[in-house]
Amino acid sequence: MPIKSICYLGENDEILFFYSTEKSDEISSRFSTYSTLNNIKKIIEENEKKKNDQKYDPYLGYVGINLSLFSSYKNYAYAIQIINFKIILTIDDNKNMYTDNAIRSLFVKLHQFYSDAVCNPFYTDRLESEAFLKKISNLLILKNK
Numbered sequence: 574m575p576i577k578s579i580c581y582l583g584e585n586d587e588i589l590f591f592y593s594t595e596k597s598d599e600i601s602s603r604f605s606t607y608s609t610l611n612n613i614k615k616i617i618e619e620n621e622k623k624k625n626d627q628k629y630d631p632y633l634g635y636v637g638i639n640l641s642l643f644s645s646y647k648n649y650a651y652a653i654q655i656i657n658f659k660i661i662l663t664i665d666d667n668k669n670m671y672t673d674n675a676i677r678s679l680f681v682k683l684h685q686f687y688s689d690a691v692c693n694p695f696y697t698d699r700l701e702s703e704a705f706l707k708k709i710s711n712l713l714i715l716k717n718k
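Residue numbers 574 to 718, in this note's numbering, belong to the letters of the sequence shown in order.
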């Protein structure tokens with residue numbers, strides 16, 4: 574399975590939701606997620622410096638490789654700057670079959686899932702509901718076929 578993990582990060586980079594496709598490798602996936610935060614901040618700062626009249630694109634693309642010597646995981650990010658919200662996707666590059674546009678559309682769907690969840694009147698501070706988890710796992714099943 575090319576997608577290894579999905580992580581939603583809140584305002585202070587706290588984990589709102591973390592999903593790993595391989596439970597035995599979850600710790601390294603979490604480490605991989607946090608190791609890219611500095612790269613994400615640098616990319617956002619660079620984008621703000623060269624800010625033109627261009628439309629803001631939350632898709633940051635490839636933001637860094639996993640620091641583990643024994644993995645070929647790459648991290649991609651999507652960030653909404655106004656609320657300091659981030660989604661980080663870890664993909665096994667050896668099995669990666671996605672184009673940049675496919676990854677971008679995946680992030681748009683993941684963002685839509687987040688929007689639907691937080692607009693729910695019964696939403697708490699965490700995204701870990703059964704319905705949200707089911708949407709994520711169904712999307713991964715479709716994308717990994």
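Every residue gets a Cβ at the ideal spot worked out from N, C-alpha and C, and that includes glycine.
Under the criterion of beta carbons closer than 8 Å, Ile-661 and Thr-697 do not qualify as touching, at roughly 22 Å. In the three-state scheme derived from DSSP, where H, G and I count as helix and E and B as strand, Thr-606 is classed as helix. Cβ neighbours of Ile-653 within its own chain (closer than 7 Å, five residues either side excluded): Pro-631. Note: Tyr-651 is bridge-paired with Tyr-632 and Ile-660 in the DSSP secondary-structure output.
Nearest to Phe-658 by alpha-carbon distance, out of Ile-576, Ile-600, Ile-676 and Val-691, is Val-691.
Nearest neighbour of Lys-596 by Cα position, chosen from Ser-578, Ile-709 and Gly-583, turns out to be Ser-578.
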